[in-house]
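Asks: These protein sequence lines map, in sequence, to chains A and B.
Note that this note's numbering gives residue 329 to position 326 of the first sequence, counting from 1, and the numbers run on in steps of one.
Note that this note's numbering gives residue 153 to position 150 of the second sequence, counting from 1, and the numbers run on in steps of one.
All C-beta atoms, glycine included, are put in the ideal place defined by N, C-alpha and C.
Dropping a structure here in structure tokens format, bear with me for questions.
2 protein chains.
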Amino acid sequence: MSATRAEPGLGLPSLPARIAEPGEAITMDELRLASRNHAMPLEALRHELTPAGLHYLLIHYDIPEAEPGHWRLRLGGAVDRPVELSLAELRARPRVTHTVTLECAGNGRALLDPRPLSQPWLDGGVGTAEWTGTPLAPLLREAGLDPAAVEVCFTGADHGVERGVEQTYARSLPLAEALREDALLADTMNGAPLPPQHGAPLRLVVPGWYGMAQVKWLTEVTVLTEPFTGFQQVVAYRFKQEAEDPGEPVTRIGPRALMVPPGFPDFMSRVRVCERTAQLLTGRAWSGRPPVTAVEVSTDGGLSWQPAALGPAADTYAWRPWHHPWHPEVPGTYRLMVRASDASGRAQPAGPDWNRQGMGNNGVQVVDVVVR
Amino acid sequence: MSATRAEPGLGLPSLPARIAEPGEAITMDELRLASRNHAMPLEALRHELTPAGLHYLLIHYDIPEAEPGHWRLRLGGAVDRPVELSLAELRARPRVTHTVTLECAGNGRALLDPRPLSQPWLDGGVGTAEWTGTPLAPLLREAGLDPAAVEVCFTGADHGVERGVEQTYARSLPLAEALREDALLADTMNGAPLPPQHGAPLRLVVPGWYGMAQVKWLTEVTVLTEPFTGFQQVVAYRFKQEAEDPGEPVTRIGPRALMVPPGFPDFMSRVRVCERTAQLLTGRAWSGRPPVTAVEVSTDGGLSWQPAALGPAADTYAWRPWHHPWHPEVPGTYRLMVRASDASGRAQPAGPDWNRQGMGNNGVQVVDVVVR
Chain A
4 MSATRAEPGL
14 GLPSLPARIA
24 EPGEAITMDE
34 LRLASRNHAM
44 PLEALRHELT
54 PAGLHYLLIH
64 YDIPEAEPGH
74 WRLRLGGAVD
84 RPVELSLAEL
94 RARPRVTHTV
104 TLECAGNGRA
114 LLDPRPLSQP
124 WLDGGVGTAE
134 WTGTPLAPLL
144 REAGLDPAAV
154 EVCFTGADHG
164 VERGVEQTYA
174 RSLPLAEALR
184 EDALLADTMN
194 GAPLPPQHGA
204 PLRLVVPGWY
214 GMAQVKWLTE
224 VTVLTEPFTG
234 FQQVVAYRFK
244 QEAEDPGEPV
254 TRIGPRALMV
264 PPGFPDFMSR
274 VRVCERTAQL
284 LTGRAWSGRP
294 PVTAVEVSTD
304 GGLSWQPAAL
314 GPAADTYAWR
324 PWHHPWHPEV
334 PGTYRLMVRA
344 SDASGRAQPA
354 GPDWNRQGMG
364 NNGVQVVDVV
374 VR
Chain B
4 MSATRAEPGL
14 GLPSLPARIA
24 EPGEAITMDE
34 LRLASRNHAM
44 PLEALRHELT
54 PAGLHYLLIH
64 YDIPEAEPGH
74 WRLRLGGAVD
84 RPVELSLAEL
94 RARPRVTHTV
104 TLECAGNGRA
114 LLDPRPLSQP
124 WLDGGVGTAE
134 WTGTPLAPLL
144 REAGLDPAAV
154 EVCFTGADHG
164 VERGVEQTYA
174 RSLPLAEALR
184 EDALLADTMN
194 GAPLPPQHGA
204 PLRLVVPGWY
214 GMAQVKWLTE
224 VTVLTEPFTG
234 FQQVVAYRFK
244 QEAEDPGEPV
254 TRIGPRALMV
264 PPGFPDFMSR
274 VRVCERTAQL
284 LTGRAWSGRP
294 PVTAVEVSTD
304 GGLSWQPAAL
314 GPAADTYAWR
324 PWHHPWHPEV
334 PGTYRLMVRA
344 SDASGRAQPA
354 GPDWNRQGMG
364 NNGVQVVDVV
374 VR
């Protein structure tokens with residue numbers, strides 16, 4: 004262990020957040036995170052439901068060990084009747100299924116310049132699954148909400164240190180979001196019990212929000228009469244320009260379209276090779292403020308854009324398929340791009356909107372293709 | 004796309020293999036590979052069978068699109084009666100299940116110095132699954148092997164470019180290995196249909212060999228009367244010191260033990276924090292020349308070693324669990340290490356055995372822990 008890790012005042016092997024130096028390559032710390040927290044390979048965009056093991060993962064600390072038979076969810080805080088529920092009790096309640104696209108708030112971070120050092124996402128920090136569980140709102144209402152309640156905090160079983168702060172992962176939602184009919188306590192993913200890495204045996208799913216809100220390995224639901232001030236709420240998941248800036252909270256997913264890279268890849272560079280024949284470019288597009296209303300494709304590096312054909316989403320907060328024909332007639336290098344806009348009027352920016360924690364970078368995807 | 008990618012003679016976006024410069028950090032090409040080809044998070048060593056999505060993945064090109072209903076396996080070459088089989092026909096044959104630990108031949112590559120540039124594995128390129136399918140040997144015998152047969156070549160559906168060579172992934176086995184009773188054409192992993200990333204709908208599983216031999220998306224089995232000379236056989240998966248050196252083939256998995264990192268991690272550095280209490284260090288050990296006969300643990304950076312207690316393997320080529328008590332009584336930084344040896348007399352080397360393609364680095368795992 005490098006001596007520079009130790010912070011005498013903390014006694015913990017943590018360092019403050021850092022931005023890469025100009026031209027600084029990927030660090031071993033970033034590689035360590037990337038080897039654990041994998042992206043969805045973009046060819047998996049062909050699946051409406053991302054198969055287990057291809058859905059993106061972001062795990063702050065370790066995957067905690069869970070014994071489903073002994074798991075308890077404690078619901079308390081500013082309620083009249085705190086309650087503790089076993090998995091069997093939760094499963095005996097009404098059940099619903101929603102197909103939801105989840106995306107990491109840091110997706111696109113490693114494409115920023117300068118690059119904030121954290122989990123180094125390129126563009127595959129996304130996936131879509133069918134989540135099944137019991138709605139949260141009736142549980143909150145049955146517990147008797149304090150009229151002064153403003154937020155609901157969700158605590159997982161994962162424990163670690165981050166920038167010198169020892170913590171058990173926790174995030175809150177505004178009360179209105181926690182009371183949405185489609186916010187679930189999910190124990191099932193794509194029809195099977197949650198895999199360990201997706202929060203087994205129980206997680207929150209709140210459609211439309213970036214992944215940091217979808218608390219995994221859920222053990223506590225706490226109703227609050229003051230806004231939550233935990234690390235992940237007021238420090239980590241913020242849009243900010245300066246370290247001292249309190250910033251703006253990261254909330255709902257921005258619009259994004261991705262394409263299945265056409266042709267076949269070079270192993271090392273992942274640059275694509277295509278034949279000089281008619282291609283059908285395909286992909287999916289999503290937003291946390293649905294629906295996606297338009298997807299446009301450029302095959303000339305952004306000089307011109309054509310509308311793609313959009314298919315239906317499986318559910319309100321699930322991605323929509325799109326396709327666009329392309330027939331390159333001249334050999335050479337082509338830069339393909341795709342961009343989405345949504346019902347709120349938001350559109351993907353041409354380039355990244357830089358912020359110092361690398362949040363919400365939905366700059367357009369670029370796929371370089373050699374046509375031969 | 005960088006102009007340096009183009010090789011005029013090839014027309015393909017490939018470059019020759021390269022070794023990192025002294026001190027050169029991780030490249031974007033390596034990050035791109037790491038974000039697709041994920042490792043098993045080491046806390047998943049707690050599972051005897053690695054859950055879907057936590058098993059390591061190495062996919063040279065793209066995951067090919069497979070329509071199980073139309074999939075055909077062609078068995079031909081130096082046989083009397085070439086045959087083409089549907090999945091239904093394969094599934095109607097005798098079925099067996101083996102629990103097998105698979106490991107990427109490049110596991111440990113990014114820990115080499117200097118570092119060969121390729122998929123940048125740290126130490127998690129491993130996983131264990133129950134593979135179910137039909138034995139290969141009876142199929143070969145029924146087809147009528149040419150007495151001059153020396154090898155069997157396996158071809159997948161994945162297609163790409165590698166160091167300027169366009170190819171469909173293919174690897175061969177010596178005839179005796181292909182005729183082993185435990186070599187399977189597998190369509191089932193941990194009791195479920197193969198996930199796309201593990202070779203759906205059909206793959207080879209040949210226990211004991213590194214992952215490059217376990218051909219996924221299997222479409223052709225070809226009996227050969229001369230050794231196979233494809234890229235993955237004679238160029239890529241070789242132990243060599245110089246680029247021009249033909250080198251030695253990569254075959255069976257070397258012995259390796261890994262531990263579940265104790266305590267909890269720092270998010271960014273992954274360095275561990277432990278309490279000053281009794282711990283039980285646990286992990287698993289395996290070899291392609293089983294059984295693992297000994298596992299030893301050091302808690303002082305390799306100055307001294309103690310034997311760990313070894314449990315039974317689920318199957319001949321599955322990893323064995325081990326455990327070792329540890330009670331750190333003085334706060335400070337500890338370097339934990341673990342090493343295995345096997346029935347063939349092979350043992351993990353203290354440091355990496357360097358080779359220019361970064362193959363088979365089974366140097367001992369190092370886990371740095373801050374005890375407070």
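(1) Near residue 13 of chain B, what residues of its chain come up, given a Cβ to Cβ distance below 6 angstroms and the 5 sequence neighbours on each side ignored?
(2) Contact criterion: CB-CB distance below 7 angstroms. Does residue 355 of chain B meet it with respect to chain A?
(3) Counting only Cβ pairs nearer than 8 angstroms, list the residues of chain A close to residue 199 of chain B.
(4) What residues of chain B sit near residue 340 of chain A, judged by a beta carbon separation below 7 angstroms?
(5) Note down, in chain order, every chain A residue with its Cβ under 7 angstroms from the Cβ of residue 35 of chain B.
(6) Should residue 154 of chain B be labelled buried (16 or more other beta-carbon atoms within 10 Å of its own) or exposed?
(7) Report back the beta-carbon spacing between residue 312 of chain A and residue 226 of chain A to the nearest angstrom; my notes put them in contact at under 8 angstroms.
(8) Kindly indicate the opening and closing residues of the alpha helix (DSSP H) around residue 192 of chain A.
(9) Report the option in B:50, B:244, B:231 whose CA atom is closest to the CA atom of residue 262 of chain B.
(10) Taking 7 angstroms as the threshold (C-beta atoms), are residue 60 of chain B and residue 200 of chain B in contact?
(11) Just to check, is the beta-carbon of residue 247 of chain B closer than 6 angstroms to a non-hydrogen atom of the ligand FAD?
(12) What residue does the alpha helix (DSSP H) around residue 91 of chain B start on, and which one ends it?
(13) Applying a beta-carbon distance threshold of less than 7 angstroms, which residues of chain A neighbour residue 68 of chain B?
(14) Go to residue 179 of chain A, then tell me how far its alpha helix (DSSP H) extends in each direction, as first and last residue.
(15) Can you tell me which residues form a DSSP beta bridge with residue 287 of chain A?
(16) From the DSSP output, which residues share a beta bridge with residue 371 of chain A?
(17) If we ignore side chains and look at the alpha-carbon of each, how far apart do residue 185 of chain B and residue 140 of chain B end up?
(18) Kindly indicate the opening and closing residues of the alpha helix (DSSP H) around residue 140 of chain B.
(19) Please report the straight-line C-alpha distance between residue 89 of chain B and residue 73 of chain B, rounded to a whole angstrom.
(20) Quick one: list the residues of chain A neighbouring residue 113 of chain B, beta-carbon separation under 9 angstroms, in chain order.
(21) Should residue 63 of chain A and residue 41 of chain B be called a contact, given that it needs their Cβ atoms to be closer than 7 angstroms?
(22) Determine, using beta carbons only, whether residue 343 of chain A and residue 253 of chain A come nearer to each other than 7 angstroms.
(23) What residues in the region 255-272 of chain A bring their beta carbon closer than 7 angstroms to a beta carbon of chain B?
(24) Kindly indicate if chain B contains any beta-carbon less than 7 angstroms away from that of residue 28 of chain A.
(25) Can you list the residues of chain A that residue 65 of chain B reaches, using a CB-CB cut of under 7 angstroms?
(26) In the DSSP assignment, the alpha helix (DSSP H) including residue 37 of chain A goes from what residue to what residue?
(27) Let me check one thing: in DSSP terms, what residues is residue 298 of chain A bridge-paired to?
(28) So, is the C-beta of residue 314 of chain B closer than 7 angstroms to a C-beta in chain E?
(29) Taking CB distances under 7 angstroms as the criterion, tell me whether residue 229 of chain A reaches chain B.
(30) In terms of alpha-carbon separation, which member of B:122, B:144, B:190 lies closest to residue 137 of chain B?
(31) Among B:27, B:96, B:181, which one has its Cα closest to the Cα of residue 116 of chain B?
(32) In three-state DSSP terms, what is residue 282 of chain A?
(33) If you compare alpha carbons, which of B:326, B:255, B:335, B:375 is closest to residue 362 of chain B?
(34) So what does DSSP say about residue 360 of chain B, is it helix, strand or coil?
(35) Could you check where the beta strand (DSSP E) with residue 165 of chain B kicks off and where it finishes?
(36) Name the residues in the region 138-172 of chain A whose C-beta lies less than 7 angstroms from a C-beta of chain B; which are they?
Replies: In this structure, then:
(1) Counted from its first residue, the second sequence places residue 13 of chain B at position 10. Only weak support exists for where residue 13 of chain B lies, its pLDDT of 45 falling under 50; the coordinates are left without a value.
(2) As a first step, residue 355 of chain B must be located in the second sequence, where it is residue number 352. So, not an interface residue.
(3) Sequence index remark: in the second sequence, residue 199 of chain B carries index 196 (1-based). Within 8 angstroms Cβ-Cβ: 47, 50, 54, 57.
(4) For the purposes of this step, residue 340 of chain A is taken as the residue at position 337 of the first sequence. Neighbours of residue 340 of chain A across chain B, judged by C-beta separation under 7 angstroms, do not exist; the nearest C-beta is about 13 angstroms away.
(5) Locating residue 35 of chain B in the second sequence gives position 32, where the first residue counts as 1. Those within 7 angstroms of residue 35 of chain B in chain A are 125, 273.
(6) As a position in the second sequence, residue 154 of chain B is number 151, starting the count at 1. The residue in question, residue 154 of chain B, is buried, as its Cβ has 16 or more Cβ neighbours within 10 Å.
(7) Locating residue 312 of chain A in the first sequence gives position 309, counting from the first residue. Locating residue 226 of chain A in the first sequence gives position 223, counting from the first residue. About 45 angstroms; that fails the 8 angstroms criterion.
(8) Along the first sequence, read from residue 1 onward, the residue named residue 192 of chain A stands at position 189. Residue 192 of chain A -> not in any alpha helix (DSSP H); beta strand (DSSP E) instead, spanning 187-192.
(9) The residue labelled residue 262 of chain B in the question sits at position 259 within the second sequence. The candidate whose alpha carbon is nearest that of residue 262 of chain B is B:50.
(10) Your numbering for residue 200 of chain B matches position 197 in the second sequence. Your numbering for residue 60 of chain B matches position 57 in the second sequence. Cβ distance < 7 angstroms, so residue 200 of chain B and residue 60 of chain B count as in contact.
(11) Inclusion of the ligand FAD in the displayed structure is not the case, the ligand content being empty and no account of it being possible.
(12) For the purposes of this step, residue 91 of chain B is taken as the residue at position 88 of the second sequence. Per DSSP, residue 91 of chain B belongs to the alpha helix (DSSP H) from 90-94.
(13) Residue numbering aside, residue 68 of chain B sits at position 65 when the second sequence is read from its first letter. In chain order: 49.
(14) Translated into positions along the first sequence, residue 179 of chain A becomes position 176. First-last of the alpha helix (DSSP H) with residue 179 of chain A: 178-181.
(15) Taking the first sequence and counting its residues from 1, the one referred to as residue 287 of chain A is at position 284. Partner(s): A:261, A:324.
(16) By one-based count along the first sequence, residue 371 of chain A stands at place 368. Paired residue(s): A:338.
(17) Position 182 of the second sequence, counting from 1, holds the residue named residue 185 of chain B. Position 137 of the second sequence, counting from 1, holds the residue named residue 140 of chain B. When rounded, the separation of the alpha-carbon atoms in residue 185 of chain B and residue 140 of chain B is 9 angstroms.
(18) Numbered from its first residue, the second sequence carries residue 140 of chain B at position 137. It spans 139-146 - the alpha helix (DSSP H) in which residue 140 of chain B sits, taken as one unbroken run.
(19) On the second sequence, residue 89 of chain B is found 86 positions in, with the first residue counted as 1. On the second sequence, residue 73 of chain B is found 70 positions in, with the first residue counted as 1. Spanning the two alpha carbons is a distance of roughly 7 angstroms.
(20) Numbered from its first residue, the second sequence carries residue 113 of chain B at position 110. Within chain A, the residues near residue 113 of chain B are 31, 34, 38.
(21) Along the first sequence, one-based indexing puts residue 63 of chain A at 60. Along the second sequence, one-based indexing puts residue 41 of chain B at 38. No, the Cβ-Cβ distance between residue 63 of chain A and residue 41 of chain B is not below 7 angstroms.
(22) Sequence index remark: in the first sequence, residue 343 of chain A carries index 340 (1-based). Sequence index remark: in the first sequence, residue 253 of chain A carries index 250 (1-based). No, these two residues do not count as a Cβ contact at 7 angstroms.
(23) 267, 268, 269, 270, 271, 272
(24) Position 25 of the first sequence holds residue 28 of chain A. Chain B, which has a Cβ nearer than 7 angstroms to the Cβ of residue 28 of chain A, makes this yes.
(25) Reading the second sequence from its first residue, position 62 is the one you call residue 65 of chain B. Chain A residues near residue 65 of chain B: 46, 267, 268.
(26) Counting from 1 along the first sequence, the entry for residue 37 of chain A is found at position 34. Judged by DSSP secondary structure, residue 37 of chain A falls within the alpha helix (DSSP H) whose first and last residues are 31-39.
(27) For the purposes of this step, residue 298 of chain A is identified with residue 295 of the first sequence, where counting begins at 1. Answer is A:343.
(28) Here chain E cannot be found, since the structure's protein chains are A and B.
(29) Along the first sequence, one-based indexing puts residue 229 of chain A at 226. Contacts with chain B at 7 angstroms (Cβ-Cβ) do not include residue 229 of chain A.
(30) Along the second sequence, one-based indexing puts residue 137 of chain B at 134. Checked all of B:122, B:144, B:190; the closest Cα to residue 137 of chain B is B:190.
(31) Numbered from 1 along the second sequence, position 113 holds the residue referred to as residue 116 of chain B. Residue B:27 is the option with its Cα nearest to residue 116 of chain B.
(32) Position 279 of the first sequence holds residue 282 of chain A. Reduced to three states, the DSSP call for residue 282 of chain A is strand.
(33) The count along the second sequence starts at 1 and reaches residue 362 of chain B at position 359. Of the candidates B:326, B:255, B:335, B:375, the one whose C-alpha sits nearest the C-alpha of residue 362 of chain B is B:255.
(34) Here residue 360 of chain B is taken as the residue at index 357 of the second sequence, counted from 1. DSSP places residue 360 of chain B in coil when its eight states are reduced to three.
(35) Numbered from its first residue, the second sequence carries residue 165 of chain B at position 162. Residues 154-165.
(36) 162, 163, 164, 165
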